[in-house]
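> This is the structure, below, for whatever I ask next.
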Amino acid sequence: MTETTAPALHRGEPQGEPLLHADSLVAGYVPGVNILNECSLVLHPGELVGIIGPNGAGKSTLLKALFGLVGIRSGTLTLQGESITNLRADVLVQRGVGFVPQTNNVFPSLTIEENLQMGVYQTPHKFADRLEVVLALFPELTHRRKQRAGALSGGERQMVAMARALMPEPSVLLLDEPSAGLSPVRQDEAFLRTRRINKAGVSVVIVEQNARRALQICDRAYVLDQGRNAYSGPGRELMHDPKVIELYLGTLATDVDAARDAERTGPEDSPAA
Ligand SMILES: Nc1ncnc2c1ncn2[C@@H]1O[C@H](COP(=O)(O)OP(=O)(O)O)[C@@H](O)[C@H]1O
Ligand SMILES: [Mg+2]
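Residue numbering for the sequence shown follows my numbering, starting at 11 and increasing by one per position.
Written as structure tokens, this is what we have:
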């Protein structure tokens, strides 16, 4: 049973107080049009939580609402039990939330190092210490620090964007499709890097188009559909849930099997009309 009836909404969640708790968020861009329709999510300390769902489901809108970039019309958002509903993004950064948007996530005319400096513009005295920590997570960037971010490949830019978001030492990192537009090898690297960041102690919410891959790496996941919670549960459970497969992961393989079985049995086995 993975359908999100009320008690099962956050299936598989650990005990204790969530780090981040979005409860019944309603949000949207245009007055009178809600994109999120009572959407909920919890993230516990140390968790890697995925959000999957069809295009236009509201995944990016949810992340933006969590980061103060889309107004929350009703519902509540708390961080460590304290309300952060409708706080501004720069205040959320001070409170320990980091966000990597899907696109336009680096300053192309600045060098890698300057991009990382922007990450701590509110606390510049932290730069040297944090740079060391962050470059240890992204050793590939160390020798390229003086290069302009605009000259980098998609995969490298994604690295810079993640590194920048990690500079202020967030406790929560929100990632919007870090694998989008990358080659399969670079996608794998993006997933491994996300895992590495999580293992280093950062709790992560990751939105992903590549649903199967996301379900493989995350502790728990939420399936969003039309701005609502559709399913939730441990990643590996959702990956094998027939309903989730049918509706969100693609049924091509099952369809092929069914067609082959139908050919074998023939029409005489069909129920009489
Ligand atoms: N800036 C915006 N202004 C108005 N509508 C938007 C804006 N961004 C997204 N939307 C609409 O919100 C809905 C959800 O979009 P989005 O959150 O980007 O979905 P997803 O990330 O799941 O693909 C879509 O119908 C989209 O057209
Ligand atoms: Mg999106």
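Cβ atoms here follow ideal geometry from the backbone N, Cα and C, with glycine treated the same way. Model, not experiment: these values are computed from the prediction.
1. Quick check for students: name the residue ranges of the alpha helix (DSSP H) that lie wholly in the segment 186-211, counting only runs of 4 or more.
2. Would you be able to state if there are at least three C-beta pairs under 8 Å between the segment 206-214 and the segment 66-80?
3. Rounded to whole angstroms, how far is the Cβ of Thr71 from the Cβ of Ile82, which I believe are closer than 8 Å?
4. Say yes only if the C-beta of Asp186 is nearer than 7 Å to one or more non-hydrogen atoms of ligand 2, and no if none qualify.
5. Jot down the residue ranges of each uninterrupted beta strand (DSSP E) in the segment 205-254, minimum 3 residues, whole runs only, in chain order.
6. From the DSSP output, in three-state form, read off Arg284 for me.
7. Name all residues in chain order for which at least one heavy atom of ligand 1 lies closer than 5 Å to the residue's CB.
8. When you compare the segment 177-184 with the segment 97-111, are there three or more beta-carbon pairs, one atom per stretch, that lie closer than 8 Å?
9. Looking at ligand 2, does it come within less than 7 Å of Gln112, judged from the CB to the closest heavy atom?
10. Beta-carbon separation of Leu288 and Ala221 under 8 Å?
11. Using 7 Å as the cut-off, classify the Cβ of Pro217 as near or not near the heavy atoms of ligand 2, replying yes or no.
12. When the Cα atoms are used, what is the spatial distance from Met169 to Arg238?
13. Do you know whose CA, among Glu123, Val103, Ser34, lies nearest Gly85's CA?
14. Is the segment 187-204 in contact with the segment 38-51, if contact means three or more CB pairs nearer than 8 Å?
15. Put Leu162 into one of helix, strand or coil per three-state DSSP.
16. With a threshold of 6 Å on Cβ separation, who are the neighbours of Arg158 within its own chain once the five nearest residues in sequence on each side are excluded?
17. Is DSSP giving Ser93 helix, strand or coil here?
18. Label Leu29 either buried or exposed according to how many other C-beta atoms from any shown protein chain fall within 10 Å of its C-beta, with 16 as the threshold for buried.
19. Once you ignore the five residues that flank Asn125 on each side, which residues in its own chain have a CB closer than 7 Å to its CB?
20. Classify Glu150 as helix, strand or coil using the three-state DSSP reduction.
21. Evaluate the contact criterion for the segment 246-258 versus the segment 88-107: three or more CB pairs, one atom per stretch, below 8 Å.
22. From Ala146 to Ala190, what does the alpha carbon distance come to, in whole angstroms?
23. Taking C-alpha atoms, which residue in Gln236, Ser213, Met177 lies nearest to Gln132?
24. Return the first residue and the last residue of the beta strand (DSSP E) that Asn125 is part of.
25. Using three-state DSSP, classify Val7 as helix, strand or coil.
26. Tell me the DSSP bridge mates of Gly108?
27. Taking 8 Å as the threshold (C-beta atoms), are Gly211 and Gln226 in contact?
Looking at the atomic coordinates:
1. Runs of the alpha helix (DSSP H) inside the segment 186-211: 194-209.
2. no
3. Cβ atoms of Thr71 and Ile82 stay farther apart than 8 Å, at about 11 Å.
4. yes
5. 213-217, 230-235, 238-244
6. Look at the range of the chain in this structure, 11 to 283, and you will see that residue 284 is not part of it.
7. Tyr39, Ile45, Asn65, Gly66, Ala67, Gly68, Lys69, Ser70, Thr71
8. yes
9. yes
10. Because the chain spans 11 through 283 in this model, residue 288 falls outside it and cannot be assessed.
11. The sequence given here has Val at residue 217, not Pro. Val217: yes, Cβ under 7 Å from ligand 2.
12. 31 Å
13. Ser34
14. no
15. Leu162 falls in the coil class under three-state DSSP.
16. Thr121
17. strand
18. Buried, because 16 or more other Cβ atoms sit within 10 Å of the Cβ of Leu29.
19. Val116, Phe117, Ala159, Val170, Arg174
20. helix
21. no
22. Rounded to whole angstroms, Ala146 to Ala190 spans 24 Å at the Cα level.
23. Of the listed residues, the one whose Cα sits closest to Gln132 is Met177.
24. No beta strand (DSSP E) holds Asn125; the alpha helix (DSSP H) holding it covers 122-129.
25. Not covered by the structure: residue 7. The range shown for the chain is 11 to 283.
26. For Gly108, the beta-bridge partners assigned by DSSP are Leu183.
27. The Cβ-Cβ distance between Gln226 and Gly211 does not fall below 8 Å.
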